[in-house]
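Please read the structure below before turning to the comments.
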Amino acid sequence: MTRFDPRAIIIAMLLSLALDVVGGAVLLVVFSAGLSEGMSPEQLTAAMQAVLQNTGFMLASLCLGTATTMFGGYIAARLARAYPYFNALAVGVLGIVLSLMLSSESPWWFDALAYLVTLPAAVFGAHIARRRRNQ
Numbered sequence: 001m002t003r004f005d006p007r008a009i010i011i012a013m014l015l016s017l018a019l020d021v022v023g024g025a026v027l028l029v030v031f032s033a034g035l036s037e038g039m040s041p042e043q044l045t046a047a048m049q050a051v052l053q054n055t056g057f058m059l060a061s062l063c064l065g066t067a068t069t070m071f072g073g074y075i076a077a078r079l080a081r082a083y084p085y086f087n088a089l090a091v092g093v094l095g096i097v098l099s100l101m102l103s104s105e106s107p108w109w110f111d112a113l114a115y116l117v118t119l120p121a122a123v124f125g126a127h128i129a130r131r132r133r134n135q
């Protein structure tokens, strides 16, 4: 028997990614309040770059990503038939791999923090799931 449950990992990853997309869209709306309809494409691109480089936006994005990774770890642990921590860890590893493949021009400190908290967040999600299961 393998320690990994592909079904649990895939479902957890898809749900986590869906929350990342929805949450990211909400963050963009919140942080891009200064955009207006009359802006040229160049102005719009510059304004969006400014939003994406905003420290507040990046910190909110980091918090969102950490929360969705915890959620992904929780879901993987709940759905896995065995070895909840291994399955949650797989979600975290896949999240890092996906992040590396889709890397943007973020500052080094942002990427370092994101990679540093990903695995503990996924495992913490599994820990919450395990505690709930044992109650």
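Residue numbers (my numbering): 1 to 135. For each residue, glycine too, the CB sits at the ideal point set by N, CA and C.
> Taking the alpha-carbon positions, what's the ALA8 to ALA76 distance?
Replying inline: 5 Å
>> Which same chain residues end up closer than 6 Å to TYR159 when comparing Cβ atoms and leaving out the 5 residues on each side of it in sequence?
In response: Since the first and last residues shown for the chain are 1 and 135, residue 159 lies out of range.
> Mind pulling the alpha helix (DSSP H) runs of 4 or more residues that sit fully within the stretch 45-125?
Replying inline: Along the length of the stretch 45-125, whole alpha helix (DSSP H) runs at least 4 residues long occupy 55-79, 84-101, reported in chain order.
> Do you know whose CA, among GLU42, ARG133, VAL22, ALA82, lies nearest THR2's CA?
Replying inline: Residue ALA82 is the option with its Cα nearest to THR2.
> Under a Cβ-count criterion, where at least 16 other Cβ atoms within 10 Å of its own Cβ denotes burial, should LEU116 be classed as buried or exposed?
Replying inline: exposed
> Comparing the C-beta of VAL123 with each C-beta of chain C, is any distance below 9 Å?
Replying inline: The structure shown contains no chain C; it is built from a single protein chain.
> Beta-carbon separation of ALA121 and THR69 under 9 Å?
Replying inline: yes
> Around the Cβ of PRO84, are there at least 16 other Cβ atoms within 10 angstroms (buried) or fewer (exposed)?
Replying inline: buried
>> With three or more C-beta pairs closer than 8 Å as the rule, is the stretch 24-35 touching the stretch 55-64?
In response: Touching, per the Cβ criterion.
>> For THR66, count the other beta carbons within 10 Å of its own beta carbon; 16 or more makes it buried, fewer makes it exposed. Which is it?
In response: Flag for THR66 reads buried.
> Apart from the five residues on each side of it in sequence, which residues of its chain come closer than 7 Å, Cβ to Cβ, to ALA80?
Replying inline: ASP5, ALA8, ASN87
> To the nearest angstrom, how far is it from the Cα of VAL91 to the Cα of GLY72?
Replying inline: 7 Å
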